[in-house]
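>
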Amino acid sequence: MEVNPRRIAAAERALAGAAPGDQAFRAAAQAAMAAVDPMEDIINTAEFRRDLVLAVARRALERAAA
Amino acid sequence: MNSAAAKARWIGQSVARLEDPPLVTGRGQFAGDINFPHQLFMRVVRSAHAHGRITRIDAAAARALPGVFAVWTAQDIAEVPPVDFREGSIPALDPYRQPVLATGRVRYVGDPIAAVFAEDPYVAEDAADLIVVELEELPALVDAQAAPVDFSPGHSSEAAVIRQGYGDVDAAFRTAAHIVELELAIGRHSGVPLETRGAIGRYDAARGVLELHGAAKVPHRNQELLARMLKLPPSAIHVHESHVGGGFGVRGELYPEDVLVCVAAERFHRPVKWIEDRREHLIAANHSREQTHKVRAALDANGIILAIDDRYFHDQGAYVRTHAARVVHMTAGILPGPYRVPAYRAIGHFRLTNKTPAATYRAPGRYETTFVRERLVDAIAHALKIDRVELRRRNTIGPQEMPYPRPLEALGEEIEYDSGDYAGLLAKLLAKIGWDALNEAVGRRKATGERVGVGLAMFVEKSGLGPTDGVKISIDTSGMVNVVTGGASLGQGFETVMAQVAADALGVDYRRCRVVHGQTDRIPFGIGAHASRATVMTASATHIAALNVRRKALAVAAELLQASPDALDIIAGEVVRNDGKAGPSISLGAIAQNLAPTAKARGEREPGLTAEGWFKTEHQVYPYGSHVAVVRVDAETGRVAIERYCIAYDIGRAINPALVRGQIVGGYAQGLGGALFEEFSYSEAGDPLAATFADYLLPALHEVPAPEVLLREDYTSPLNPLGIKGAGESGITAVGATIASAIDDAIGMPGAVRQLPITPQRLRRLLGGR
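So the sequences go chain by chain: D and X. Read in order, the letters of the first sequence correspond to residues 68 to 133 in this note's numbering. Read in order, the letters of the second sequence correspond to residues 69 to 838 in this note's numbering.
Rendered as structure tokens:
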């Protein structure tokens, strides 16, 4: 996504104190999507990568909570 | 079929490969393993620009570097002509051939400009970095559909317009009940073998022979080609093939680097070694596949095809290489595939651009046209609301119509389908996978919101390019059978297959056969291994040669055993009575001893238990098959998961079924690459954007779920003694078409997929993403 992995503070704030579940996960994924600055290359545009964050961040949280 | 073949013991068995022991014990000899005393290492300086005029090359610093032996630019090899076509001069295309080193102009990123020769490869690479090339940049052409420009004075970048066809296409479209049109694009990709290319040139002054080691595939053709270019007698050049880490069409053609090592070895009287690095491979070895088709079909009210009209643009890249116009020409010839097409017109625009030159990659022309034709057939089914299987049945050429000539050409031969039941094989495939139940199950999942779909495609392959092949077999005094072929091995199991065929005819264990290939000093003729020809052509010649040796052996044995040749058989290398009764016997080795030049028993016979066999054919053979895929699309990420993939293929006769399956599965993996991942993209300025494996995405184990293979031997070929059809390309041919069809079905958008590869981002766009 970006050159280096990093923690997304906004996503962490969205989760802090919230009950695990769809609502919190979506909010955190939305926050992550807004926070990232995706790389762009020939295969994938930055917009496409940003959209991916929404899907994969939510799925990662769902899997972690499962 | 003759009696020896009817008693086949080795043909049809999945016996272990003879070639494996050195490979699995690390004793193989690949190009990188070949070394000669006093060798120099070559490094090629390549253009960093897509198009430009060279204004200055300064190699002084490179020449001054300790360990550098020489630096060459075009003027140092002015007498060496551009790399010739395999079949010799084609005046209309000659102006587009690639110079061995760029002469004043560079035409793609990767174009060789200079060559450094040094005592070790690291010094050569360091020296290459010191060479300063100044260029006046010229505009780059990267779109084969854009208006052609001047390639050189008097020569357009549209090198040729290919036309093939028959019947009154315009009348068919005037009277058609329906017309279906599509524009389809296949991405630029190619063979990316594990082992990059390599070439070692060596001049043997003692024998006066120039040797080229490394290039496998068409050694005799390369020998002739080098002889023409270097103005040497063919017998003064020998080409020796080594082990190969993947061929796929790209390896073994004669490239500028192969010519350079030969010229340098001859001039320096020192061996010269060149091993390609990965980045070089991705920008220097032949690209393939990139075509755009504007295709339309005329149909009657029942969906019967009346005519197909195709106009296509073939992105050849910067030069026309050894294959000349083969791929663009074959594309027109084979597009109609398994269907009756009463009128047909294909116009192919063969256009040069400022990209790496293109040529063949496994199933050249077929991967592309199967995508085009099968997309068209799916679109017709959708437009006319006819079930896609039923539509195919209505239009498929039937077994009673065989042989089926078509006034079109592929590889210089008129096309004539030899045998087969295309719809029958499709029915077997659909029965195997339970087509109706599968579609119902997929329908139920779709109803719950899953994006899952089923795709299919049919194809006719083309294999066994002639016109001829010869094999020389001799049995030594130990009874070992030496099979000397003009064929080549790209790792496909060539030695094993030839041994199985020789063993059956001779009544020996296949492990008692040694098979020679790819050595021009062992046999003066050969066409090598390409176009899925080796088993069809070389095995047929092997069979004939082995029967000739058998006849000789039995004649001598009959005399020595005082029996009629008809009363004898060869079992496990021993000539015995064929009625099963005990009696005197003699081994093949003993017969060979009796045929030694000095042996008294030889009498007036030619010495040696040896014979040649030649096989000649006017037509290629046309194996065929169908693919079915079940895929699941992740709408959020654009990822495509393959749930099931099934390939049905009628090979006529499988010499070694395990090897055939291996060919099919390997081809399928590469087909998935072209369908979903691999693409040589370029910027508008002509910069290659996929010059590493970070950007050129090869499918790995995780992306290639194992396919199911339905291997049939229903329709042997009438065109050769064993009924063989080729195996090499069936697994790859229909993958792009089938995956596209399955994705259409999964996303509920018939005809949506019009471009390969179907990357996640492209798929997301089809679904309305960004």
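Cβ atoms here follow ideal geometry from the backbone N, Cα and C, with glycine treated the same way.
(1) Could you give the first and the last residue of the continuous beta strand (DSSP E) run that contains residue 341 of chain X?
(2) Give me, in chain order, the residues of the same chain whose beta-carbon lies closer than 6 Å to that of residue 474 of chain X; leave out the 5 immediate sequence neighbours on both sides.
(3) Using the beta-carbon of each residue, which ones in chain D are nearer than 9 Å to residue 763 of chain X?
(4) DSSP state of residue 823 of chain X, grouped into three classes?
(5) How far does the beta strand (DSSP E) with residue 307 of chain X in it extend, from its first residue to its last?
(6) Please state whether the Cβ-Cβ distance between residue 839 of chain X and residue 528 of chain X is less than 8 Å.
(7) What are the residues in the region 121-132 of chain D lying within 9 Å of chain X by C-beta distance?
(8) Short of 7 Å Cβ to Cβ, which residues in the region 334-364 of chain X face chain D?
(9) Which residues, taken in chain order from the region 699-727 of chain X, show a beta carbon closer than 7 Å to some beta carbon of chain C?
(10) Just mark residue 705 of chain X as buried or exposed, buried being the case when its beta carbon has 16 or more other beta carbons within 10 Å.
(11) Select from X:422, X:380, X:320 and X:395 the residue whose C-alpha is nearest the C-alpha of residue 351 of chain X.
(12) Among X:728, X:227, X:634 and X:575, which residue has its Cα nearest to the Cα of residue 159 of chain X?
(13) Examine chain X for any beta-carbon lying closer than 8 Å to the beta-carbon of residue 92 of chain D, and answer yes or no.
(14) Quick check: what's the CA-CA separation for residue 285 of chain X versus residue 312 of chain X?
(15) Hey, is residue 104 of chain D's beta-carbon within less than 8 Å of any beta-carbon in chain X?
(16) Would residue 487 of chain X be called buried (16 or more neighbouring beta carbons within 10 Å of its own) or exposed?
(17) Could you tell me the alpha carbon to alpha carbon distance between residue 628 of chain X and residue 621 of chain X, rounded to whole angstroms?
(18) For residue 258 of chain X, go through chain D and note every residue whose CB falls closer than 8 Å to its CB, in chain order.
(19) Please go through the same chain and pick out, in chain order, the residues whose beta-carbon is closer than 6 Å to the beta-carbon of residue 291 of chain X, but skip the five residues on each side of it.
(20) Could you name the residues of the same chain whose beta carbon sits closer than 7 Å to that of residue 570 of chain X, not counting the 5 residues immediately before and after it, in chain order?
(21) Which bits of chain D does residue 837 of chain X rub up against, with CB to CB less than 9 Å?
(22) Please classify residue 326 of chain X: is it buried, with 16 or more other beta-carbons within 10 angstroms of its beta-carbon, or exposed?
(23) Where does residue 595 of chain X sit, in a helix, a strand or coil, going by DSSP?
(24) Please specify which runs of the beta strand (DSSP E), each continuous and at least 3 residues long, are wholly inside the region 447-526 of chain X, giving them in chain order.
(25) Which residues does DSSP pair with residue 364 of chain X in a beta bridge?
(26) Check for me: the beta strand (DSSP E) holding residue 180 of chain X runs from which residue to which?
(27) What does a CB cutoff of less than 6 Å around residue 173 of chain X pick up in its chain, not counting 5 residues either side in sequence?
(28) Residue 749 of chain X versus chain D: which residues are under 7 Å apart at the beta carbon?
(29) Over what stretch of residues does the beta strand (DSSP E) that includes residue 397 of chain X continue unbroken?
(30) To the nearest angstrom, report how far apart residue 320 of chain X and residue 200 of chain X are at their CA atoms.
(31) From which residue to which residue does the alpha helix (DSSP H) around residue 429 of chain X run?
(32) If you run the structure through DSSP and keep just helix, strand and coil, what is residue 106 of chain D?
(33) According to the neighbour-count rule (16 or more other Cβ atoms, all chains shown, within 10 Å of its Cβ), is residue 370 of chain X buried or exposed?
(34) What residue from X:146, X:96, X:185 and X:162 has the CA that sits closest to residue 169 of chain X's CA?
(35) Taking only the alpha-carbon atoms, compute the straight-line gap between residue 434 of chain X and residue 363 of chain X and give it to the nearest angstrom.
On the basis of the coordinates in this document:
(1) Looking at the DSSP string, the run of the beta strand (DSSP E) that includes residue 341 of chain X is 340-343.
(2) Excluding residues within five positions, the ones whose Cβ falls inside 6 Å are 483.
(3) When 9 Å is used as the limit between beta carbons, residue 763 of chain X is near these residues of chain D: 108, 109 and 110, in chain order.
(4) Looking at residue 823 of chain X - three-state DSSP - the assignment turns out to be strand.
(5) Here the beta strand (DSSP E) through residue 307 of chain X covers 305-308.
(6) Given that chain X is displayed from residue 69 to residue 838, the structure contains no residue 839 of chain X and the question cannot be resolved.
(7) Flagged, chain order: 121, 122, 123, 125 and 126.
(8) Cβ contacts with chain D: none found.
(9) Of the protein chains in the structure, D and X, none is chain C.
(10) When all chains shown are included, residue 705 of chain X counts as buried.
(11) Selected option, being the one with the closest Cα: X:422.
(12) Of the listed residues, the one whose Cα sits closest to residue 159 of chain X is X:227.
(13) No, no contact with chain X.
(14) Taken atom to atom, the span from the alpha-carbon of residue 285 of chain X to that of residue 312 of chain X is near 10 Å.
(15) It does not; no Cβ of chain X falls within 8 Å.
(16) Buried, since its Cβ has 16 or more Cβ neighbours within 10 Å.
(17) The alpha-carbon atoms of residue 628 of chain X and residue 621 of chain X are separated by roughly 11 Å.
(18) In chain order: nothing, as chain D lies at least about 17 Å away.
(19) Within its own chain, the residues whose Cβ lies closer than 6 Å to the Cβ of residue 291 of chain X, once the five positions on either side in sequence are excluded, are 302, 305, 307 and 588, listed in chain order.
(20) Hits under 7 Å: 541, 549, 551, 581, 610 and 614.
(21) Around residue 837 of chain X, the beta-carbon contacts reaching into chain D at under 9 Å are 114, 115 and 118.
(22) Buried, since its Cβ has 16 or more Cβ neighbours within 10 Å.
(23) Reduced to three states, the DSSP call for residue 595 of chain X is coil.
(24) Inside the region 447-526 of chain X, DSSP marks whole beta strand (DSSP E) runs of 3 or more residues at positions 472-478 and 481-485, from first to last along the chain.
(25) Paired residue(s): X:249 and X:377.
(26) Note, residue 180 of chain X: beta strand (DSSP E), 180-186.
(27) Non-local beta-carbon contacts of residue 173 of chain X in its own chain, meaning distances under 6 Å to residues more than five positions away in sequence, involve 121 in chain order.
(28) 109, listed in chain order.
(29) Here residue 397 of chain X belongs to no beta strand (DSSP E); instead the alpha helix (DSSP H) covers 394-402.
(30) Roughly 31 Å between the two C-alpha positions.
(31) Residue 429 of chain X -> no alpha helix (DSSP H), and no H or E assigned at all.
(32) DSSP places residue 106 of chain D outside both helix and strand once states are collapsed to three, so it counts as coil.
(33) Residue 370 of chain X comes out exposed.
(34) Proximity to residue 169 of chain X across X:146, X:96, X:185 and X:162 peaks at X:146, based on C-alpha coordinates.
(35) Computed Cα separation, rounded: 16 Å.
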